[in-house]
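Peer 1: First the structure, which I've put down as structure tokens, then a few questions once you've had a look.
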Amino acid sequence: MDTIKVAELFAGVGGFRLGLEGYDSPDHPEFHMPSAGPFQTVWANQWEPPGNESKQFAWRCYESRFGESSCVNEDINKVLNDYESGINDHGIPETIDMVVGGFPCQDYSVAKPLSQSGGIDGKKGVLWWDIHRFLSLKKPRYVLLENVDRLLKSPASQRGRDFAIMLSCFASLGYAVEWRVINSAEYGFPQRRKRVYIFAELTEAAWDTEKRIADGVISSAFPIVAPESCRSLEISDDPYVITKTFNASGSGKGKSPFGTAGSMQNFVVSTCDVIENYHGEHKTLGDVIVPPNEVPEEYYVPEDKLDRWRYLKGSKSEERVNKQTGFAYRYSEGSMAFPDLLGNPSRTILTGEGGSGASRFKHIIEVEGRFRRLVPDELDQLQGFPKGWTDTGMSDGHRAFCMGNALVVGVPHAIGKMLCSARC
Ligand SMILES: C[S@@+](CC[C@H](N)C(=O)[O-])C[C@H]1O[C@@H](n2cnc3c(N)ncnc32)[C@H](O)[C@@H]1O
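Residue 124 in the working numbering sits at position 124 of the sequence shown; the count goes up by one each step and never skips.
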């Protein structure tokens with residue numbers, strides 16, 4: 001099987017790399033992870049944007065795990081400007097077979113019709129356009145991206161517009177696409193984390209896009225109950241037209257046409273909502289809990305702070321006043337589990353999971369009659385990283401931040417395995 005040379009964009013602490021390539025270092029046998037196939041990460045990029053740029057802790061973790069100079073620590077936009085102008089190629093290799101990355105959901109609208117602009121005129125700082133540029137330059141055969149599932153419905157004023165722009169860009173570059181919203185807990189992982197995975201292939205072979213939803217690369221890795229029917233739609237080949245018109249008026253407004261699964265080729269989309277079909281083992285939060293002797297005392301919540309945690313997690317319906325406007329309103333929210341149940345998968349880890357302050361969204365567990373927060377080693381494992389992966393000298397708060405940003409490593413692993421068995 002030929003090596004699949006991978007470029008990892010927005011690499012964070014290397015979730016895609018671990019999932020695809022695995023980990024095998026004599027210095028760290030405890031981090032051993034199996035590879036998904038003959039994947040080799042030949043280039044990676046990670047840069048913390050302004051505000052945090054002095055704290056390149058994710059990049060430092062990446063380099064300490066994968067070796068010095070394994071990851072370029074520069075804004076991807078600058079990297080590509082340098083590459084295109086010939087100033088500095090930043091070591092980007094000639095051949096890249098696959099591009100992977102998790103990136104934020106932003107506004108993908110464009111300002112000018114293709115006929116009037118030299119290239120696509122997307123908003124500055126929107127990372128999709130850097131991915132698009134990378135694909136245009138390197139033409140990798142495969143692409144695997146991860147994003148929040150909100151991407152399929154954004155923006156609120158034109159539901160689905162941004163994803164339609166993305167699909168249109170892929171089609172213009174010659175890619176056929178599959179996507180799926182995967183809730184990792186439904187496939188046995190110990191964390192509930194719902195993310196959209198987008199797999200694209202540069203191909204001239206005709207895809208049966210409707211069939212592909214049930215038997216494509218993603219659904220072979222994450223099986224679904226075969227859908228009874230799918231919707232079909234055609235999207236414009238000009239992102240400006242999509243910006244102006246997609247779901248902008250008429251009966252479709254308010255609801256995205258994109259379901260939780262779909263496939264697209266040549267601007268024609270098949271899509272539907274699907275349900276999982278998994279019968280394997282189910283892991284839970286309790287499976288990643290470390291022994292009490294590995295939990296520093298500061299992680300235990302003092303008795304006098306417990307009421308505050310209980311209040312924040314509890315249901316409420318109360319009068320509140322907006323401090324700026326003086327406007328009074330009723331605030332209501334339901335209750336959350338207190339403590340988090342060890343017999344269930346955890347809730348989604350967020351970047352704010354670290355720090356000792358009481359919070360509605362941080363996890364709190366009860367072990368041997370005491371309440372405590374989750375330690376970073378547990379957060380690593382909830383994302384499927386080896387225990388201690390982010391223990392590279394950064395603070396516990398930064399470790400939690402990195403895990404809130406990362407992905408469930410087992411997801412690209414399973415997709416990579418399927419890609420290899422089906423196509424290598
Ligand atoms: C969603 S996280 C991806 C995490 C990664 N998949 C992992 O396993 O850790 C996105 C990453 O992109 C990085 N990033 C944001 N803007 C960037 C830019 N302009 N250039 C390069 N990296 C950027 C962030 O620092 C963050 O670590």
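Glycine included, every Cβ here is placed at the ideal spot set by N, Cα and C.
Quick caveat, the model's predicted, so the values are computed rather than measured.
I'd like to check one pair, residue 320 with residue 311: are the Cβ atoms closer than 8 Å?
Peer 2: For residue 311 and residue 320, no; Cβs fall outside 8 Å.
Peer 1: Could you tell me which whole alpha helix (DSSP H) segments of length 4 or greater appear in the segment 344 to 386?
Peer 2: Segments of the alpha helix (DSSP H) lying fully in the segment 344 to 386: 376 to 382.
Peer 1: Taking residue 235 and residue 161 to be in contact with their CB atoms under 8 Å, please state how far apart those CB atoms are, rounded to whole angstroms.
Peer 2: So it is not a contact: roughly 10 Å between Cβ atoms.
Peer 1: Going by C-alpha to C-alpha distance, which of 201, 206, 261 sits closest to residue 228?
Peer 2: Taking only the C-alpha atoms, the option nearest residue 228 is 261.
Peer 1: Given the structure, does residue 13 come close to ligand 1, in the sense that its CB is under 7 Å from one of the ligand's heavy atoms?
Peer 2: True, at least one ligand heavy atom lies under 7 Å from that Cβ.
Peer 1: Under DSSP, the alpha helix (DSSP H) around residue 203 begins and ends at which residues?
Peer 2: It is not in any alpha helix (DSSP H) - residue 203 carries neither H nor E in the DSSP assignment.
Peer 1: Looking only at C-alpha atoms, which of 169, 61, 86 sits nearest to residue 108?
Peer 2: Considering only alpha carbons, the answer is 169.
Peer 1: Report the rounded CA-to-CA distance for residue 376 versus residue 150, giving the unit in angstroms.
Peer 2: About 27 Å.
Peer 1: How many angstroms separate the CA atom of residue 332 from the CA atom of residue 285?
Peer 2: Each residue's alpha carbon lies about 28 Å from the other.
Peer 1: Between the segment 254 to 270 and the segment 285 to 302, do three or more beta carbon pairs fall short of 8 Å?
Peer 2: Judged by Cβ distances under 8 Å, the segment 254 to 270 makes no contact with the segment 285 to 302, as fewer than three pairs qualify.
Peer 1: Cβ of residue 149 within 7 Å of any heavy atom in ligand 1?
Peer 2: No.
Peer 1: Would you say residue 371 and residue 300 are within 8 Å of each other, going by their C-beta atoms?
Peer 2: The answer is yes: Cβ separation under 8 Å.
Peer 1: To which residues does DSSP link residue 233 through a beta bridge?
Peer 2: According to DSSP, which records beta bridges pairwise, residue 233 is partnered with 269.
Peer 1: Confirm the yes/no value for this check: CB of residue 376, any heavy atom of ligand 1, distance under 7 Å.
Peer 2: Not so, every heavy atom of ligand 1 lies at least 7 Å from the Cβ.
Peer 1: Assign residue 137 to buried or exposed, taking buried as 16 or more other Cβ atoms, counted over all protein chains shown, within 10 Å of its Cβ.
Peer 2: Looking at its Cβ environment, which holds fewer than 16 other Cβ atoms inside 10 Å, residue 137 is exposed.
Peer 1: Using the C-alpha atoms, what's the distance from residue 420 back to residue 85?
Peer 2: Each residue's Cα considered, the two are about 35 Å apart.
Peer 1: Which of helix, strand or coil does DSSP assign to residue 312?
Peer 2: In the structure shown, residue 312 sits in a helix (DSSP, three-state: H, G or I).
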